[in-house]
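Residue numbers (the numbering used here): 1363 to 1791.
All C-beta atoms, glycine included, are put in the ideal place defined by N, C-alpha and C.
Predicted, not measured: the structure shown is a model, and the values here were computed from it.
Quick look at the structure:
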């Protein structure tokens, strides 16, 4: 680790960043199974609120008004049922109810994680995290994005422990429901919490992400005609009926990725169309009369979400018109669950990018981090739409997220934490 041209104040704060403490904090946080929509998604917010109060920060912990939020025309969608959810904001100045001076810099992170999948594919239980011999911490949520949450808290803790009082306020936004649409960020912004700039510590592998493609969840219902399996020829399998639609979606994906934004050019598929679930039939010897497919449609940078929806609907309708069965038994497309529009940061984005990039160089001694976009949806688009310059910079490789191999290098977590310390000191001095 190289610290170049740092002030005495910066060095004093960095002295309170300890990799072993970061590992301990992350082990504790990953052990909380805060799967989207679970009771633990609420529990973890109360756990973190306690830690933030111990840092002598002003804390706003509130129960979300789910009926009001979901009825809002701008609500970004939700893929799991919830009867309870909590928002959490903490700051160096007054934050209750969104009051007080606007923070100079917000550090944001989501505390929810996706389900663990097949436990047999994990080396150990997903919520029993461990550190391997190479210094990587494994477990569900380690990369996406509890390491980023730990980095946010640890950066603030280091500054507070060093006894440094900053002239301008800063804040932490810890949100739920990012994985299934952005409920927590939407509620946080609706409550009036804002910032002059925002860093979301999603995993970026040492790069800076300044734009996100969108991701729209869809459902496709394909009809068939049931009959006994021994006389399948007198019915029509919904599975067979789905096949030309699947081919049409693959063709649409190829066409939508023929020419992509320069920030997305490094990805083999910048705007994927992925079918994640297929459900058909209710008896082994009955020809299925309905197939339900659920998937996600990638939204291009700068593309209106309604235009993306229309493109998929047209592709499905075109395939149905060419098929003898589907022509008379048309499939139905519905837009369900999370609706992530594409987003790029707004306002004086160059200043925020330079702040983070320079701090990264000063910590690592390496080159300036490369700028790129990301092919997934995130809370970035909600903050950008609210007029807040926002980017991603955080520990971990997103290719490990949502997988049984999810892990984050502790050395990277430490470097990101130190970078955030410098960013806070320089933004708020």
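Worksheet entry | Which of helix, strand or coil DSSP assigns to residue 1448 | Indexing the chain shown from 1 puts residue 1448 at position 86. Residue state for residue 1448 is assigned as strand, using DSSP reduced to three classes.
Worksheet entry | Option in 1559, 1481 and 1402 with minimal Cα separation from residue 1474 | Taking the chain shown and counting its residues from 1, the one referred to as residue 1474 is at position 112. That would be 1402, whose Cα lies nearest to the Cα of residue 1474.
Item to complete: Just list the alpha helix (DSSP H) runs in the region 1429 to 1516, keeping only unbroken ones of 4 residues or longer that don't cross its boundaries, in chain order.
Response: You should have found no qualifying run.
Practice prompt. Might you give, ordered along the chain, the residues of its own chain that have their beta carbon closer than 7 Å to the beta carbon of residue 1748, omitting 5 neighbours on each side?
Written response: In the chain shown, residue 1748 corresponds to position 386, counting from 1. So the list reads 1551 and 1556, once near-sequence residues are dropped.
Worksheet item: Residue ranges of each beta strand (DSSP E) run of no fewer than 3 residues wholly in the region 1648 to 1689, ordered along the chain?
Response: Secondary structure within the region 1648 to 1689: the beta strand (DSSP E) runs of 3 or more consecutive residues, fully enclosed, are 1652 to 1661 (chain order).
Discussion item. Nearest by alpha-carbon distance to residue 1614: which of 1650, 1677, 1597 and 1784 is it?
Written reply: Numbered from 1 along the chain shown, position 252 holds the residue referred to as residue 1614. Of the candidates 1650, 1677, 1597 and 1784, the one whose C-alpha sits nearest the C-alpha of residue 1614 is 1677.
Discussion item. Excluding the 5 residues flanking residue 1598 on each side, which residues of the same chain have their C-beta closer than 6 Å to its C-beta?
Written reply: As a first step, residue 1598 must be located in the chain shown, where it is residue number 236. Only 1586, 1587 and 1687 meet the Cβ criterion.
Item to complete: Run through the region 1383 to 1429 for me and flag every whole beta strand (DSSP E) of 3 or more residues, listed as ranges in chain order.
Response: As summarised for the region 1383 to 1429, the continuous beta strand (DSSP E) elements at least 3 residues long and confined to that stretch are 1420 to 1425, given in chain order.
Worksheet item: What is the DSSP secondary structure of residue 1632, counted as helix, strand or coil?
Response: As a first step, residue 1632 is located in the chain shown; it is residue number 270 there, counting from the start. It is coil, neither helix nor strand.
Worksheet item: Looking only at its own chain, which residues have a Cβ that is under 8 Å from the Cβ of residue 1786, when we skip the five neighbours before and after it?
Response: Counted from its first residue, the chain shown places residue 1786 at position 424. If we look at residue 1786 and ignore the five residues flanking it on each side, its Cβ neighbours are 1467, 1469, 1517, 1518, 1521, 1528 and 1532.
Worksheet item: Residues bridged to residue 1579 by DSSP?
Response: Your numbering for residue 1579 matches position 217 in the chain shown. DSSP output for residue 1579 lists 1658 as bridge partner(s).
Worksheet item: For residue 1562, which of helix, strand or coil comes out of DSSP?
Response: Working through the chain shown from its first residue, we reach residue 1562 at position 200. Note: residue 1562 maps to strand in three-state DSSP.
Discussion item. Taking the straight line between their C-alpha atoms, what separation do you get for residue 1406 and residue 1413?
Written reply: Sequence index remark: in the chain shown, residue 1406 carries index 44 (1-based). Sequence index remark: in the chain shown, residue 1413 carries index 51 (1-based). Cα to Cα, the separation comes out at about 11 Å.
Item to complete: Excluding the 5 residues preceding and the 5 following residue 1698 in the sequence, name in chain order all residues of the same chain whose CB lies nearer than 6 Å to its CB.
Response: For this step, residue 1698 is matched to residue 336 along the chain shown. Excluding positions up to five away in sequence, the list reads 1579 and 1581.
Worksheet item: Among 1500, 1741 and 1783, which residue has its Cα nearest to the Cα of residue 1393?
Response: Sequence index remark: in the chain shown, residue 1393 carries index 31 (1-based). Among 1500, 1741 and 1783, the Cα nearest to that of residue 1393 is on 1500.
Worksheet item: Span of the alpha helix (DSSP H) holding residue 1743?
Response: Reading the chain shown from its first residue, position 381 is the one you call residue 1743. Unbroken alpha helix (DSSP H) run through residue 1743: 1742 to 1747.
Practice prompt. Name the two residues that bound the continuous alpha helix (DSSP H) containing residue 1604.
Written response: Here residue 1604 refers to the residue found at position 242 when the chain shown is read from its first residue. Judged by DSSP secondary structure, residue 1604 falls within the alpha helix (DSSP H) whose first and last residues are 1600 to 1618.
Worksheet entry | Rounded straight-line distance, which links the Cα of residue 1584 to that of residue 1694 | Taking the chain shown and counting its residues from 1, one reaches residue 1694 at position 332. Taking the chain shown and counting its residues from 1, one reaches residue 1584 at position 222. Cα to Cα, the separation comes out at about 7 Å.
Worksheet item: Between the C-alpha atoms of residue 1679 and residue 1762, what's the straight-line distance to the nearest angstrom?
Response: Sequence index remark: in the chain shown, residue 1679 carries index 317 (1-based). Sequence index remark: in the chain shown, residue 1762 carries index 400 (1-based). Near 36 Å, if we compare the C-alpha coordinates of residue 1762 and residue 1679.
Fill in: Beta-carbon proximity check, residue 1737 vs residue 1575, cutoff 9 Å
The count along the chain shown starts at 1 and reaches residue 1737 at position 375. The count along the chain shown starts at 1 and reaches residue 1575 at position 213. Yes. Within cutoff.
Worksheet item: Which partner residues does residue 1738 have in the DSSP bridge list?
Response: Against the chain shown, residue 1738 aligns to sequence position 376. DSSP lists no partner for residue 1738.
Worksheet entry | 9 Å Cβ cutoff met for residue 1701 and residue 1746 | Translated into positions along the chain shown, residue 1701 becomes position 339. Translated into positions along the chain shown, residue 1746 becomes position 384. Not in contact: residue 1701 and residue 1746 (Cβ atoms no closer than 9 Å).
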